[in-house]
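Protein chains: 2
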Amino acid sequence: MTEEEEFLAGYDPGAFPSVAVTVDVVALTIREGRLHVLLVERGGHPFAGWRALPGGFVQDETLDAAALRELGEETGLRPGEGELDRVHLEQLRSYGDPRRDPRMRVISVAYLAFAPRLPDPRAGTDASGAFWVPVDEAGELAFDHAAILADGLDRARAKLEYTPLATAFVGAEFTIAELRAVYAAVWGEELHAGNFHRKVLSVPGFVESTGETAARAGERGGPKPKLYRAGDARLLHPALLRPTREDGVR
Amino acid sequence: MTEEEEFLAGYDPGAFPSVAVTVDVVALTIREGRLHVLLVERGGHPFAGWRALPGGFVQDETLDAAALRELGEETGLRPGEGELDRVHLEQLRSYGDPRRDPRMRVISVAYLAFAPRLPDPRAGTDASGAFWVPVDEAGELAFDHAAILADGLDRARAKLEYTPLATAFVGAEFTIAELRAVYAAVWGEELHAGNFHRKVLSVPGFVESTGETAARAGERGGPKPKLYRAGDARLLHPALLRPTREDGVR
DNA sequence: TGAGTAATACTCGATCTGAGAACAACGTAG
DNA sequence: CTACGTTGTTCTCAGATCGAGTATTACTCA
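So the sequences go chain by chain: X and G. Read in order, the letters of the first sequence are residues 718 to 967 in the numbering used here. Read in order, the letters of the second sequence are residues 718 to 967 in the numbering used here.
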């Protein structure tokens, strides 16, 4: 036994101050052209009856795994069954105010999830009580979840600019107009169709053509659009910048 | 007593799985034109004798306060005594692999700190064992600290582009050339002096003129440069982009 | 069949960028 | 004290990019 092994064998974990660690997930998707977030209604105390972000305690697993597990439990979807595999998951940040949970010291590691349109979670068993809500109708949330949601939206809006994140909101094959609708929904403003088209195609690795054309045009007419799939770029160069406000505030 | 108060009064904190939470700080500064990181040499097990990021267990305080406290303890500086007040501190991300600490489950919330040149920490009492090391000579670190440092450097390099972060590395009054040296040190490449000058002055709110001129020119000649202080912008519009690599890799 | 809509391509002037040059002010080696 | 090299600052210029608008064509729906 080395000196270090000996030390570890005699180590008492109770010597450390103990806190609980949870993951909370800001899951975003687009439905009917509007950005939605997944919320649950809390059954037990504290904040019984309030809406909250889906989440729970971290078990013997990585933080990423915990976030994916919680998302699966709340939506009723399971990894390996297709839909959950296309979800883009990334850590947002951690929240650790000593009084954010009235029960005890709880540190929450928040995650952002981006998904193409997912089935309604009501169908599932554990997933009753979960539902998609337009982000501007989220209202008051339990704990500090309203602040977490706001931080998540900020991050999502910023990442659309310089990463191909928007492709996580659409299917495997998509049209430029669908991609533009993602930007419009997340940024909350319309984009110039012609310039957007030119820009997207000019950024190397953002999208690549499938050579195919959609089987049908939009409901209100127009030519059949070409189909694209996500390229291999991880950053957009040059970036797709949001329209600048006069006052510089974004 | 309301129903919720009653619930909280009877609540047993031991019902939650318990883990330890630490903060680790990636503290960066610039010395002799090179980017340095603050490291400590570990005294006890595990990883006795290894270099590590400064950090420690979170006490009854916010995460931000814990990071500032750890930084102060390791540098020997105290808040309110000037130098530590100019430090820019922000959360990086959290690390929670179940086996990242051999003792027990430890979640680490990593912070990034940016500071103008600070005094050498050796002078302090607790701070013996801490030292500034050029980031490219950090070598192997305890736990997963090498990965945390790499993530911190990525974040710092990216934030120079679209935030006035560089002003956190210089004094309250600085010259454009000093600011350019910060970019050169963090990005590891020289910048075109003329274009940098034009760009910095054209971004609203990045820097504002003091109207003063430096008392003395540089060691190797040249005119006395004008002095500036940080402006009130929180984001740079337009951004100061890094020179693009041909292959798009950054 | 006609009206309206949308995908895509193109035009044009304003703006921004990188590379380089110009110039004057300064420190230091001799 | 002088010559030289260095540096802060401003300018020029050609190429890339941008926002706004127009043109064309292919489609859907009534």
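All C-beta atoms, glycine included, are put in the ideal place defined by N, C-alpha and C.
Would you kindly work out how many angstroms separate the C-alpha atoms of residue i and residue j, rounded to a whole number?
{"i": "L829 of chain G", "j": "E749 of chain X", "result": "40 Å"}
{"i": "R874 of chain X", "j": "V754 of chain X", "result": "14 Å"}
{"i": "A898 of chain X", "j": "I747 of chain X", "result": "9 Å"}
{"i": "I775 of chain X", "j": "S811 of chain G", "result": "Residue 775 of chain X is actually Val in this sequence, not Ile. Rounded to whole angstroms, V775 of chain X to S811 of chain G spans 13 Å at the Cα level."}
{"i": "P960 of chain X", "j": "P960 of chain G", "result": "23 Å"}
{"i": "R822 of chain X", "j": "G911 of chain X", "result": "52 Å"}
{"i": "V861 of chain X", "j": "P940 of chain X", "result": "Checking the displayed sequence, the identity of residue 861 of chain X turns out to be Asp instead of Val. Going from the Cα of D861 of chain X to the Cα of P940 of chain X covers about 47 Å."}
{"i": "V966 of chain X", "j": "L953 of chain G", "result": "Confidence is the limiting factor: at V966 of chain X the pLDDT is only 44, short of 50, which leaves the residue's position unreliable, though a coordinate-based value still follows. Rounded to whole angstroms, V966 of chain X to L953 of chain G spans 11 Å at the Cα level."}
{"i": "D741 of chain G", "j": "V757 of chain G", "result": "11 Å"}
{"i": "F923 of chain G", "j": "L835 of chain G", "result": "23 Å"}
{"i": "H762 of chain X", "j": "V920 of chain G", "result": "50 Å"}
{"i": "A769 of chain X", "j": "E791 of chain G", "result": "39 Å"}
{"i": "A847 of chain X", "j": "P771 of chain X", "result": "8 Å"}
{"i": "E906 of chain X", "j": "A784 of chain G", "result": "39 Å"}
{"i": "Y945 of chain X", "j": "V887 of chain X", "result": "11 Å"}
{"i": "W849 of chain G", "j": "P838 of chain G", "result": "8 Å"}
{"i": "D777 of chain G", "j": "A827 of chain X", "result": "21 Å"}
{"i": "E890 of chain X", "j": "A832 of chain G", "result": "47 Å"}
Count the other C-beta atoms from every protein chain shown that fall within 10 angstroms of the C-beta of residue i, then say buried if there are 16 or more, exposed otherwise.
{"i": "H909 of chain G", "result": "exposed"}
{"i": "D949 of chain G", "result": "exposed"}
{"i": "T884 of chain G", "result": "buried"}
{"i": "T927 of chain X", "result": "exposed"}
{"i": "D802 of chain X", "result": "exposed"}
{"i": "H825 of chain G", "result": "This sequence places Ser at residue 825 of chain G; His is not what is there. With 16 or more Cβ atoms within 10 Å of its Cβ, S825 of chain G is classed as buried."}
{"i": "D964 of chain X", "result": "Because the pLDDT of D964 of chain X is 44, which lies under 50, any placement of that residue in the model is unreliable, and the question is left without a value."}
{"i": "T930 of chain G", "result": "exposed"}
{"i": "P955 of chain X", "result": "exposed"}
{"i": "P881 of chain G", "result": "buried"}
{"i": "G793 of chain G", "result": "buried"}
{"i": "E936 of chain G", "result": "exposed"}
{"i": "G813 of chain X", "result": "buried"}
Between residue i and chain X, is the shortest Cβ-Cβ distance under 9 Å, so that the two count as touching?
{"i": "I824 of chain G", "result": "yes"}
{"i": "V736 of chain G", "result": "yes"}
{"i": "P960 of chain G", "result": "no"}
{"i": "R810 of chain G", "result": "yes"}
{"i": "G813 of chain G", "result": "yes"}
{"i": "T930 of chain G", "result": "no"}
{"i": "G948 of chain G", "result": "no"}
Does the beta carbon of residue i sit closer than 9 Å to a beta carbon anywhere in chain G?
{"i": "V775 of chain X", "result": "yes"}
{"i": "L957 of chain X", "result": "no"}
{"i": "E711 of chain X", "result": "Outside the shown range of chain X, which is 718 to 967, sits residue 711 of chain X, and nothing can be said about it."}
{"i": "H954 of chain X", "result": "yes"}
{"i": "T880 of chain X", "result": "no"}
{"i": "T892 of chain X", "result": "no"}
{"i": "T660 of chain X", "result": "Nothing about residue 660 of chain X can be read from this structure; chain X reaches only from 718 to 967."}
{"i": "E778 of chain X", "result": "yes"}
Specify, as a first and last residue, the run of the alpha helix (DSSP H) that residue i falls within.
{"i": "A947 of chain G", "result": "No alpha helix (DSSP H) holds A947 of chain G; the beta strand (DSSP E) holding it covers K943 to A947."}
{"i": "D741 of chain X", "result": "Per DSSP, D741 of chain X belongs to no alpha helix (DSSP H); it is in the beta strand (DSSP E), A737 to R748."}
{"i": "W904 of chain G", "result": "I893 to W904"}
{"i": "G789 of chain G", "result": "L780 to T792"}
{"i": "V917 of chain G", "result": "A910 to S919"}
{"i": "L870 of chain G", "result": "H862 to Y879"}
Rounded C-beta distance between residue i and residue j? I'm assuming under 8 Å.
{"i": "P851 of chain G", "j": "L752 of chain G", "result": "7 Å"}
{"i": "P942 of chain X", "j": "I865 of chain X", "result": "About 37 Å separates the two Cβ atoms, so there is no contact after all."}
{"i": "V738 of chain G", "j": "V736 of chain X", "result": "5 Å"}
{"i": "L809 of chain X", "j": "V743 of chain X", "result": "6 Å"}
{"i": "E878 of chain G", "j": "L780 of chain G", "result": "About 26 Å separates the two Cβ atoms, so there is no contact after all."}
What span of residues does the beta strand (DSSP E) with residue i cover, start to end?
{"i": "A827 of chain X", "result": "V823 to F831"}
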